[in-house]
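Protein chains in written order, with UniProt numbering: chain Y, 1 to 331; chain F, 1 to 685.
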Amino acid sequence: MLPLVNGSSSTLDPLAPELLMDLHVKYIQALDTKKNDLEYWLTEHLRVNGIYWGITALQILGHPEALDQEQIVEYLVKCQHENGGFGGHIDHDTHILSTLSAVQVLITYDRLDAINVDKVVDYVVSLQNEDGSFSGDSWGETDTRFIFCAINCLSLLKRLDDKRLDLPKTIDYIVRCRNFDGGFGSSPGGESHAAQVYVCVGTLTILNALHHIDADQLGWWLSERQLKNGGLNGRPEKLEDVCYSWWVLSSLSMMRRVHWIDAPKLTLFILEAQDTETGGIADRPGNLPDVFHTNFGIAGLSLLGYPGLVAVDPVYCMPRHVIQRIGLDKH
Amino acid sequence: MEGRHGQKKEQAESTEALKARQEREAVLVDSKKRDNDALRVTTSLLRKSPDYYTIWNVRRTILQEGFLEGADAETGDKIYSNELEFVQENLKLNPKSYFMWNHRRWCLEHMSNPRWDKELAMVSKFLELDARNCKRYIIRQLDLQDKVSSDKILERAQSEFDYTTTKISQNFSNYSAWHNRSTLLGKLADDMTEEERQATVDNEFDLVKNAIYTDPEDQSAWLYHLWLIGRESRSISILGSSVISFHPLEIVVAFDETVKFVNPPTVSTMVNHLPVPLAGEWKATGTDSTLGTIWIFQQAPGAEYGPTVELVVFEDDVCSFRLGARLHSAVCFELETVEKDLSKISGRLGRLVVGKNLMCDVTKRIGHVPDPDGTLDTQKENRKHTVTSLTTSDSLDDRTALLEREIAVVRELNEIEPDSKWPIQILSMLLSELRQTVRIHSTQAKLLDDECIELQEKLITIDPLRQERYEDRRTQLVFGRETLHLIKDGKRFPEVEFEEDLPPSLDLSMRGLTHIPISAYLVHLHTLNLDSNAITSTRFIRNLLNVRHVNLANNMIKRLEGLQHAPSLEILTLENNLIARWEDVVAGFVFWGEGKLGRTGGHVKVLLGNNPVVENEGGEYVLEKRWEDVGEVGLEIQWKSEELRLAEEALVAAEGVASTSESHMEAIRRVSTTVVEFDAGPGTA
Ligand SMILES: [Zn+2]
């Protein structure tokens with residue numbers, strides 16, 4: 001299936017900075033060559049997530065070939081454990097976060113054949129708790145983020161029909177995390193936070209239960225995340241951050257309310273967080289870039305319709321053409 | 001695990017330290033040791049990389065297998081206490097580390113005698129460092145204590161509550177503190193008398209008033225203010241129902257908001273005065289047919305039905321986007337199926353509101369005449385209304401008084417700070433809330449609507465970032481005002497329903513509408529004029545089951561969609577819109593008539609003058625489509641000018657045969673191009 005690419009837009013300010021597409025491709029390619037840096041080692045437990053962020057950004061930039069696919073698939077296979085889950089790196093323990101990332105990469109590459117899918121399903125299903133929520137691993141507590149990872153993963157694998165699951169309970173749990181302001185927290189009673197809103201709205205979208213969301217109320221709260229400088233924050237009175245471009249925007253997109261924020265201003269904010277020397281995008285202008293913010297910055301720009309970028313799916317944060325290929329497109 | 005935040009560019013990197021750590025790590029991964037040496041290695045590694053979750057797992061395994069197994073409770077608690085100290089020491093360096101808090105939770109959960117007081121004192125310190133994981137952690141602590149004793153919970157909630165008071169008095173702008181306050185008060189209120197609640201409420205209103213007067217742009221305080229006032233829960237309404245096709249039987253039900261069917265409502269036919277369920281399927285006209293304001297029941301092929309068909313929707317059959325919103329009571333429609341003139345059917349048929357034991361009542365009800373206002377349900381007025389989020393009262397007067405008092409507070413603030421956005425925004429919300437308490441057609445309702453609309457216009461000028469949101473809200477208000485005459489007058493928190501006689505046409509031109517908020521209101525229309533608005537989508541047309549003419553000239557449509565349930569559509573005027581591609585025109589018709597609705601055949605004219613597509617596609621400006629066979633929908637789209645169509649008809653009439661050759665199609669395109677050069681102006685149909 002051909003990538004869907006955003007068309008040219010006449011609303012862009014000609015004086016605005018441009019998206020440094022080639023530089024970002026180089027930045028992502030270079031990440032794996034910095035093996036002797038302290039930073040590389042400190043983030044080792046995020047390696048599989050890092051690969052997902054890197055290859056997704058490259059896909060959206062229209063350069064899927066920039067990293068060696070075979071090598072990545074080979075590496076991911078080594079990260080799968082006997083219990084079916086994936087660790088954040090070879091010999092690291094399994095966790096739902098790295099498991100989802102591995103599945104996302106393999107589906108983007110259409111290489112599920114390389115791993116044992118049944119075992120992944122067994123692992124994810126084993127993480128469901130009595131109350132319908134999911135744990136992050138066999139040690140950890142539950143969090144709406146982990147619920148989304150589990151549901152997202154099973155949805156990508158087309159295994160939400162697994163008889164061992166109790167999805168109505170999962171929906172109930174998410175609904176219990178809903179607050180008066182329309183937003184969602186990490187657990188029942190937890191305060192609303194944009195990232196938690198994304199995972200809850202995403203879970204309900206996948207489970208076809210969006211009717212539990214008051215879109216006007218939540219859309220109102222989300223659109224109030226935009227600050228005067230165009231950036232978005234995660235909660236009232238907090239600083240703006242590039243990754244919220246994704247959490248807020250994708251949620252608004254699932255509720256068809258992207259127009260409730262000022263797109264040109266947000267576009268400008270993301271572009272100003274680019275590192276014009278090394279490539280990559282930071283959490284806000286002037287800070288050090290990283291692959292996480294690079295991906296969510298670029299994905300946000302794609303949702304905003306930035307010209308020349310491959311369209312991204314707001315639920316799965318993967319290229320829209322990949323989601324269409326596996327038949328999960330809801331638009 | 002959310003990537004790294006706030007790293008300043010000048011951060012240095014050290015490769016020396018790295019090598020040593022890599023070695024240690026290798027040792028660790030291979031090692032099966034469960035002793036102090038192994039534990040020390042994890043300590044060192046976790047100091048450097050607190051989110052290295054595998055090392056935490058290893059550490060817990062070492063503790064469990066090497067130290068805790070067989071240890072008595074006291075020794076165990078000592079070990080856990082050491083762990084808590086270790087975590088605390090490291091949290092100072094990295095308060096946001098999720099896995100550090102996670103380890104702390106694990107310790108506390110396993111201790112036989114955890115010291116909660118110490119724990120909360122420590123957490124309070126970290127709150128000042130603004131750690132989100134810390135917040136998650138506190139909530140967890142409170143939940144855990146639920147298992148302990150209810151006295152302890154109240155005590156703890158009270159001290160937590162007092163803590164939020166301290167935080168708020170230091171600085172009003174503290175979203176977390178206000179949020180916690182609302183959850184804690186919810187818990188504390190369970191144990192209060194109504195008097196105590198009232199005193200608490202008064203106190204809270206004073207506090208929040210202080211906060212909003214100190215900083216009128218402080219959204220945390222405003223959100224708390226709204227929480228305190230609470231929202232009235234309004235029921236889902238069924239506007240009306242009617243039969244739209246007899247073979248097969250098709251029944252439409254219109255709701256006043258988007259709903260999902262939890263259970264499909266029952267359609268029965270009367271046999272010997274007893275209802276016998278009729279097999280069939282419900283579908284919404286929405287995108288995925290499981291959500292929508294218009295629902296259509298289609299009878300399964302072959303089923304027989306008598307002259308009277310009954311539709312029953314129970315309270316629990318439907319739910320909506322609003323949490324907890326449901327039908328006030330079961331609703332029953334009696335639909336006559338002897339009327340064979342389809343053109344006479346629009347709007348609603350008979351409606352009865354019946355009590356809970358509906359199935360027992362059904363046989364008794366035959367021949368029953370409903371009360372003048374359509375209600376049989378004596379419990380209708382006995383609902384419990386929430387006056388604030390903390391108090392409960394039946395009194396409408398209390399609610400109205402509260403709203404009016406708070407509206408006065410906000411108005412006063414608005415007069416002092418006329419260009420401050422939040423007071424205006426909240427004022428508009430409170431006015432809408434008050435609007436729910438007055439009669440639908442009253443003068444006060446009209447005044448409230450007008451003021452709310454003005455407030456949106458003011459907001460658009462002072463907060464341009466969110467301009468489109470205010471325009472959408474303004475659209476809802478204007479649309480509500482302009483369609484009010486379609487709705488029966490009613491009392492407080494009405495379950496709205498259609499008037500008896502609905503006019504077949506509606507003029508909503510030049511109202512500044514961005515969309516059609518509740519298209520179910522328009523289900524009966526034959527003619528709809530939306531000329532000169534700012535509408536961007538035609539999706540609403542999917543609910544206009546009876547519409548013949550829609551005028552959308554001078555809007556902002558880029559693509560046609562939602563026409564599948566509008567097979568009665570004859571003329572769609574789209575002059576002066578933004579449609580740029582042929583595919584975007586055709587897209588609207590690919591499934592045209594898919595929801596067949598008992599009609600046979602269709603013929604639509606789409607006027608496209610002065611759209612970019614006219615130039616891009618070679619100058620044609622009228623889309624004409626004949627719909628004769630559902631199986632071939634989408635194949636019969638022709639693309640040509642009105643003049644050409646007439647000329648062609650004349651030609652066919654004269655020659656008596658229709659040419660189907662390639663060259664003929666080419667001729668059409670060429671000729672039509674010429675035609676349009678002379679006449680591409682709007683409104684020639
Ligand atoms: Zn961020």
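Ideal Cβ positions, reconstructed from N, Cα and C, are used throughout, including at glycine. The model shown is predicted, which means the values in this text are computed figures rather than measured ones.
For residue i, which residues in the same chain have their Cβ closer than 8 Å to its Cβ, ignoring the five residues on either side in sequence?
i         : result
Y/Glu-18  : Leu-271
F/Arg-435 : Ala-445, Leu-448, Asp-449 and Cys-452
F/Glu-575 : Ala-553, Asn-554, Leu-607, Leu-608, Gly-609, Asn-610, Asn-611, Pro-682 and Gly-683
F/Asn-414 : Ser-420, Pro-423, Ile-424 and Leu-427
Using 8 Å for Cβ pairs, my map puts residue i next to residue j. What's the rounded Cβ distance?
i                      : j         : result
Y/Cys-245              : Y/Gly-300 : According to the sequence displayed, residue 245 of chain Y carries Ser and not Cys. About 3 Å separates the two Cβ atoms, so the contact holds.
F/Leu-330              : F/Val-312 : The sequence shown places Ala at residue 330 of chain F, not Leu. Indeed they touch by this definition, with Cβ atoms about 6 Å apart.
F/Phe-297              : F/Gly-280 : 5 Å
F/Glu-495              : F/Ser-235 : 5 Å
residue 708 of chain F : F/Asn-546 : For chain F, the structure presents residues 1 to 685; residue 708 of chain F sits outside this window and is missing.
F/Asn-577              : F/Asn-611 : 5 Å
Y/Val-105              : Y/Ile-51  : 6 Å
Y/Ile-281              : Y/Gln-226 : No, Y/Ile-281 and Y/Gln-226 are not in contact; Cβ-Cβ is about 18 Å, not under 8 Å.
For a quick check, are the C-beta atoms of residue i and residue j less than 8 Å apart?
i         : j         : result
Y/Val-312 : Y/Leu-303 : yes
Y/Phe-184 : Y/Cys-243 : no
F/Leu-46  : F/Trp-56  : yes
Y/Asp-137 : Y/His-92  : no
F/Asn-533 : F/Arg-511 : yes
F/Ile-322 : Y/Asp-214 : The residue asked about is misnamed: residue 322 of chain F is Arg in this sequence, not Ile. Yes, the Cβ-Cβ distance between F/Arg-322 and Y/Asp-214 is below 8 Å.
Y/Leu-4   : Y/His-321 : yes
Y/Arg-159 : Y/His-193 : no
Y/Pro-289 : Y/Tyr-40  : no
F/Leu-239 : F/Glu-499 : no
Y/Phe-148 : Y/Gly-87  : no
F/Ser-220 : F/Tyr-175 : yes
Y/Leu-222 : Y/Val-199 : no
Y/Gly-286 : Y/Leu-20  : no
F/Asp-215 : F/Phe-172 : yes
Y/Asn-152 : Y/Ile-206 : yes
Start and end of the alpha helix (DSSP H) containing residue i?
i         : result
F/Gln-476 : 467-482
F/Gly-76  : 73-91
Y/Val-69  : Residue 69 of chain Y is actually Gln in this sequence, not Val. It spans 69-79 - the alpha helix (DSSP H) in which Y/Gln-69 sits, taken as one unbroken run.
F/Thr-43  : 36-48
F/Asn-529 : From DSSP, F/Asn-529 is part of no alpha helix (DSSP H) but of the beta strand (DSSP E) over 527-529.
Just to confirm my understanding: we take residue i, look at its own chain, exclude 5 residues before and 5 after, and list those with CB closer than 6 Å. What are they?
i         : result
Y/Ile-326 : none
F/Arg-548 : His-526, Ser-568 and Glu-570
Y/Tyr-316 : Ile-323
Y/Gln-128 : Phe-134
Y/Val-258 : Leu-252
Y/Leu-328 : none
Cutting at 7 Å between CB atoms, please list the residues of its own chain near residue i, excluding the five before and the five after it.
i         : result
Y/Pro-314 : Ser-250, Ser-253, Met-254 and Leu-303
Y/Val-117 : Leu-157
Y/Gly-132 : Asp-166, Lys-169, Thr-170, Asp-172 and Tyr-173
F/Ser-432 : Cys-452
F/Val-271 : Gly-306
F/Pro-248 : Gln-298, Gln-299 and Pro-301
Could you tell me whether any non-hydrogen atom of ligand 3 is closer than 7 Å to the CB of residue i?
i         : result
Y/His-193 : Among the ligands modelled here, namely ligand 1, ligand 3 does not occur.
What is the residue span of the beta strand (DSSP E) that residue i lies within?
i         : result
F/Ile-507 : The identity of residue 507 of chain F in the sequence shown is Asp, whereas the question assumes Ile. Segment 505-507, the beta strand (DSSP E) holding F/Asp-507.
F/Val-312 : 308-313
F/Leu-274 : 274-277
F/Ser-320 : 318-320
F/Thr-293 : 292-299
F/Cys-332 : 331-336
F/Gly-280 : 280-284
F/Leu-572 : 571-573
Worksheet item: In chain order, which continuous runs of the beta strand (DSSP E) of length 3 or greater are located wholly inside the segment 213-264 of chain F?
Response: 238-246 and 249-261
Practice prompt. Can you check the segment 146-198 of chain F for any alpha helix (DSSP H) of at least 4 residues that lies completely inside it and give the ranges in chain order?
Written response: 150-170 and 175-189
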